[in-house]
Structure formats: C-alpha cells, structure tokens
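Numbering (our numbering), first residue to last: 18 to 93.
Every residue, glycine too, gets a C-beta built ideally from N, C-alpha and C.
The block underneath contains the structure these notes are about, expressed in structure tokens.
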C-alpha cells in the first residue's frame with residue numbers, strides 16, 4: 018500500500034512549454050530548474066507539499082529520458 022509520495026516525475030519533450038502550462042493551467046508555483054548531469058536531464062520543480070511535481074527533460078537531447086520520449090512521447 019502506498020502511504021506517501023516524495024515526488025512525481027513527468028518526462029516532457031518541451032520543458033518551457035510544460036513549465037508555462039503547469040503555471041498557467043494548473044496554478045502551480047514554479048521553484049526553478051536544475052541540470053542533473055549524471056542523469057542527463059534538466060528538471061523543473063513545482064512544490065506541492067508534502068510532495069512535488071518534477072518535469073524532466075533530456076539535457077542536450079541525450080540519455081534515458083530522450084530515449085523514453087522517442088519511444089513514448091510526452092503528455093499527461
């Protein structure tokens with residue numbers, strides 16, 4: 018049984034567009050982005066206590082998130 022979530026990660030093909038949508042359509046506060054070189058991603062953070070939503074985008078078009086998006090595409 019799931020009792021808590023630390024965060025939810027969503028792979029997105031267009032990070033700027035996704036950030037805008039989450040801010041405007043869902044009214045979520047945007048906390049900023051961070052490049053995670055080890056995972057080859059740029060992640061945008063939306064705090065939603067006690068959890069957060071993270072939009073994950075491939076860094077420089079490479080890595081496992083890029084492969085995932087190529088196979089499945091983005092979207093909710």
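Local conformation of residue 79 per DSSP, three classes: To locate residue 79, count along the chain shown from 1; it is residue 62. Looking at residue 79 - three-state DSSP - the assignment turns out to be coil, as it is neither helix nor strand.
Beta-carbon gap between residue 72 and residue 29 smaller than 8 Å: By 1-based counting over the chain shown, the position of residue 72 is 55. By 1-based counting over the chain shown, the position of residue 29 is 12. Yes, Cβ-Cβ distance for residue 72 and residue 29 is below 8 Å.
CB contact flag (residue 24, residue 84, <8 Å): Position 7 of the chain shown holds residue 24. Position 67 of the chain shown holds residue 84. No, the Cβ-Cβ distance between residue 24 and residue 84 is not below 8 Å.
Alpha-carbon to alpha-carbon, residue 18 and residue 52: Your numbering for residue 52 matches position 35 in the chain shown. Your numbering for residue 18 matches position 1 in the chain shown. For the pair residue 52 and residue 18, the Cα-to-Cα distance works out to about 32 Å.
Through-space distance from residue 36 to residue 50, alpha-carbon basis: The sequence position of residue 50 within the chain shown is 33, counting from 1. The sequence position of residue 36 within the chain shown is 19, counting from 1. Taking the straight line joining both Cα atoms gives about 10 Å.
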